[in-house]
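Each remark here refers to the structure printed beneath this line.
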Amino acid sequence: MDERGTTMGASEAELVSIPATPRAGSTPGALTPRGPPSGAVAAGGGGGGGGSRSSWTPTSLISPRFLSPIGTPMKRALVNMKGYLEEVGHLTRLNPQDAWLPITESRNGNAHYAAFHNLNAGIGFQALVLPVAFSFLGWSWGIISLTIAYFWQLYTLWILVKLHEAVPGRRYNRYVELAQAAFGEKLGLWLALFPTVYLSAGTATALILIGGETMKLFFQIVCGPLCTSNPLSTVEWYLVFTSLCIVLSQLPNLNSIAGLSLIGAITAITYATMAWVLSVSQPRPASISYEPKGSPIFINSVFSFLNALGILAFAFRGHNLALEIQATMPSTFKHPAHVPMWRGAKVAYVLIALCIFPVAIGGFWAYGNLMPTGGILNALYAFHSHSIPRALLALTFLLVVFNCLSSFQIYSMPVFDSFEAGYTSRTNRPCSMWVRSGFRVFYAFISFFIGVALPFLSSLAGLLGGLTLPVTFAYPCFMWVLIKKPQKYSFSWYLNWGLGLLGIAFSLAFSIGGVWSMVNDGLKLKFFKPM
Numbered sequence: 001m002d003e004r005g006t007t008m009g010a011s012e013a014e015l016v017s018i019p020a021t022p023r024a025g026s027t028p029g030a031l032t033p034r035g036p037p038s039g040a041v042a043a044g045g046g047g048g049g050g051g052s053r054s055s056w057t058p059t060s061l062i063s064p065r066f067l068s069p070i071g072t073p074m075k076r077a078l079v080n081m082k083g084y085l086e087e088v089g090h091l092t093r094l095n096p097q098d099a100w101l102p103i104t105e106s107r108n109g110n111a112h113y114a115a116f117h118n119l120n121a122g123i124g125f126q127a128l129v130l131p132v133a134f135s136f137l138g139w140s141w142g143i144i145s146l147t148i149a150y151f152w153q154l155y156t157l158w159i160l161v162k163l164h165e166a167v168p169g170r171r172y173n174r175y176v177e178l179a180q181a182a183f184g185e186k187l188g189l190w191l192a193l194f195p196t197v198y199l200s201a202g203t204a205t206a207l208i209l210i211g212g213e214t215m216k217l218f219f220q221i222v223c224g225p226l227c228t229s230n231p232l233s234t235v236e237w238y239l240v241f242t243s244l245c246i247v248l249s250q251l252p253n254l255n256s257i258a259g260l261s262l263i264g265a266i267t268a269i270t271y272a273t274m275a276w277v278l279s280v281s282q283p284r285p286a287s288i289s290y291e292p293k294g295s296p297i298f299i300n301s302v303f304s305f306l307n308a309l310g311i312l313a314f315a316f317r318g319h320n321l322a323l324e325i326q327a328t329m330p331s332t333f334k335h336p337a338h339v340p341m342w343r344g345a346k347v348a349y350v351l352i353a354l355c356i357f358p359v360a361i362g363g364f365w366a367y368g369n370l371m372p373t374g375g376i377l378n379a380l381y382a383f384h385s386h387s388i389p390r391a392l393l394a395l396t397f398l399l400v401v402f403n404c405l406s407s408f409q410i411y412s413m414p415v416f417d418s419f420e421a422g423y424t425s426r427t428n429r430p431c432s433m434w435v436r437s438g439f440r441v442f443y444a445f446i447s448f449f450i451g452v453a454l455p456f457l458s459s460l461a462g463l464l465g466g467l468t469l470p471v472t473f474a475y476p477c478f479m480w481v482l483i484k485k486p487q488k489y490s491f492s493w494y495l496n497w498g499l500g501l502l503g504i505a506f507s508l509a510f511s512i513g514g515v516w517s518m519v520n521d522g523l524k525l526k527f528f529k530p531m
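Okay, structure coming up:
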């Protein structure tokens, strides 16, 4: 009886040390024993039951009585099992459907992949319009606002990385899943669905517009007067770019496009550096001025200022992909996924800072308030197309095309994932190669159609920056408070509530400023008439 009791006691002592998936309604990490385990008796108790039974405490499980010849092998087996579970991974409730979907199909990512994906998602065409915001903000407000926005979004990225596995036994693999866990099923879906869909599908459409137009400029620079007899129209260039996107989109999952993300990161860093270096190396226009663009009407100046802040907010993207990138990594007790993810993200955002700050400051220094609304590349082409060697201009535009092609893949992956999730949930089987290819061809041509029908989308940077701002600057702060539950009135509680509410206020103000600027500047809504 003694030895059997000690063996059972040792088993329970080891088992409670293994964190298991909590039951619904229980508090994670809270283990409250209701009574003594069977066989655990007081030291003075005999086989006949004559001794008095003592009150059971957790410390009674580590008594020297458990080191019996029978208890030791059982203890060793349980220790080995615990070590195996720690090596293999968390005791996570696995969804078999995840093994069929593009985001979670492959989980062999690492810190290098995280750096490639974050760079590809975090820097791109939107950085080229930062000097436009400076032309409305001026030197002081421009630099201060850009610096605050950079560190603010870096903090919210850290929050998302930490919340990926905030609840034991659960990985939040998608931004909408985390929003639903924090705000509730319905409210989380309504709050996160539109901005994340726009940041994926809307960005893909904008990339088709910019990629096609840049291909046209590249062709004009390379061919010059030799190829003007029967050039392709703008819509035809959009179609060429879309076709290239379709070919590259046949890569099956997020990990499989790590090489494309590396190419996208290298090309983005290169063309951003070339854009500002070529701009500052050329003579500045004679009529340059650094006075912020304004209006004699005060309210117009205020809304133009807010629209410029919206352009700054739009420059920081990629948070809608942070959880998806982290979902491609293996995670164990000893090696959680947030470690390589944050290591790669830190490297990526140092390089992003080395790109966006010189582009914003150098572009504004080179062109001042003469900066066209298209950004620094448009200014480079308009002011220096005859003084800069054609080979350098052509190379810059070609790098932009490569970056747009690679960015299209990573921003489209959540949409591919949604399509396939709907299919697999209905059929209970993975997508075949033909079904997967059909979804991606359909999505690419829908994006092409929207780009042709609404060619003015790229002019809505301020408005769209305001509408999607909560995904980057506000929602992560609220989700931290609701999931991690910091002590009320503590520094963390005040910080996250303050940043979250400030982000929502900025979102409303920037959206109003974007609409006002469109009305004031007379945006020409030419449907089905791309320039």
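The sequence shown runs 1 to 531 under the UniProt record's numbering. Glycine included, every Cβ here is placed at the ideal spot set by N, Cα and C. Predicted model only: the values in this text are computed from it and were never measured.
Residue i and residue j closer than 8 Å at C-beta
i: G264; j: N120; result: yes
i: A204; j: Y411; result: yes
i: W276; j: G363; result: yes
i: S510; j: F397; result: Note on residue identity: the sequence assigns Phe, not Ser, to residue 510. Taking 8 Å as the Cβ cut-off, F510 and F397 do not qualify as a contacting pair.
i: S281; j: K293; result: no
i: I512; j: L306; result: yes
i: T242; j: A444; result: yes
i: W100; j: P430; result: yes
i: I483; j: L248; result: no
i: S331; j: E105; result: no
i: R107; j: I221; result: no
i: L463; j: F506; result: no
i: L178; j: A315; result: no
i: N118; j: G344; result: yes
i: L370; j: S287; result: yes
i: F183; j: P285; result: no
i: Q250; j: S437; result: yes
i: L467; j: P231; result: no
i: V167; j: L193; result: no
i: F357; j: L146; result: yes
Distance, residue j Cα to residue i Cα
i: L499; j: N255; result: 33 Å
i: S517; j: P372; result: 15 Å
i: I257; j: Q126; result: 22 Å
i: V471; j: L380; result: 32 Å
i: S55; j: A111; result: With a pLDDT of only 43 at S55, under 50, the local geometry of the prediction cannot be trusted, and no value is derived from it.
i: I360; j: A268; result: In the sequence under discussion, the amino acid at residue 360 is Ala, which differs from the Ile named in the question. C-alpha separation (whole angstroms): 15 Å.
i: G368; j: G503; result: 29 Å
i: S52; j: W493; result: Residue placement at S52 cannot be trusted, given a pLDDT of 42 that sits under 50; what the coordinates show is reported in the next sentence. Rounded to whole angstroms, S52 to W493 spans 51 Å at the Cα level.
i: K485; j: L187; result: 19 Å
i: L393; j: L399; result: 10 Å
i: V350; j: N428; result: 43 Å
i: F298; j: G514; result: 16 Å
i: L495; j: F151; result: 14 Å
i: G109; j: V161; result: 15 Å
i: S490; j: I159; result: 17 Å
i: A40; j: F333; result: Residue placement at A40 is flagged as unreliable, the pLDDT there being 42, under the threshold of 50; a coordinate-derived value is accordingly withheld.
i: V401; j: Q180; result: 36 Å
i: G211; j: K488; result: 49 Å
i: C404; j: W365; result: 26 Å
i: M433; j: F442; result: 14 Å
i: S97; j: V435; result: The sequence shown places Gln at residue 97, rather than the Ser named in the question. Those two C-alpha atoms are separated by around 16 Å.
i: A115; j: I352; result: 11 Å
i: G310; j: I266; result: 27 Å
Residues of its chain near residue i, where Cβ-Cβ distance is below 7 Å and the 5 sequence neighbours each way are ignored
i: F439; result: F416, F419 and E420
i: F448; result: I208, Y238, L239 and T242
Close Cβ partners of residue i (< 8 Å) along its chain, the five nearest in sequence each way excluded
i: I103; result: N173, R174, N253, L254, E324, A327, T328, M413, P414 and D417
i: residue 591; result: The question about residue 591 has no answer, for the chain in this structure spans 1 to 531.
i: I388; result: L278, Q282 and L380
Nonlocal neighbours in the same chain, by C-beta distance under 6 Å from residue i, ignoring five residues either side
i: C223; result: none
i: A308; result: A133, F136 and L137
i: I450; result: T205
i: A313; result: G465 and L469
i: W342; result: V161
Within-8 Å CB hit, residue i to chain B
i: F478; result: Absent here is chain B; the protein component of the structure consists of one chain.
**Asked** Unbroken alpha helix (DSSP H) runs of length 4 or more, entirely within the segment 302–384: which are they?
**Response** 322–326, 338–367 and 376–384
**Asked** Counting pairs of beta carbons, one from the segment 326–341 and one from the segment 133–153, are three or more of them closer than 8 Å?
**Response** Contact between the segment 326–341 and the segment 133–153 is absent, because fewer than three Cβ pairs lie under 8 Å.
**Request:** Could you tell me whether the segment 472–480 touches the segment 155–164, using the rule of 3 or more Cβ pairs below 8 Å?
**Result:** yes
**Request:** Assess, as a yes-or-no matter, whether the segment 313–322 is touched by the segment 189–200 under the definition of 3 or more beta carbon pairs within less than 8 Å.
**Result:** yes
**Message:** Threshold first: 3 residues or longer. Then list the beta strand (DSSP E) segments lying entirely within the segment 436–479, N to C.
**Reply:** none
**Item:** Length-filtered (4 minimum) alpha helix (DSSP H) runs lying within the segment 90–171
**Value:** 111–122 and 130–163
**Completely contained alpha helix (DSSP H) runs for the segment 480–524, where each covers 4 or more residues** = 491–521
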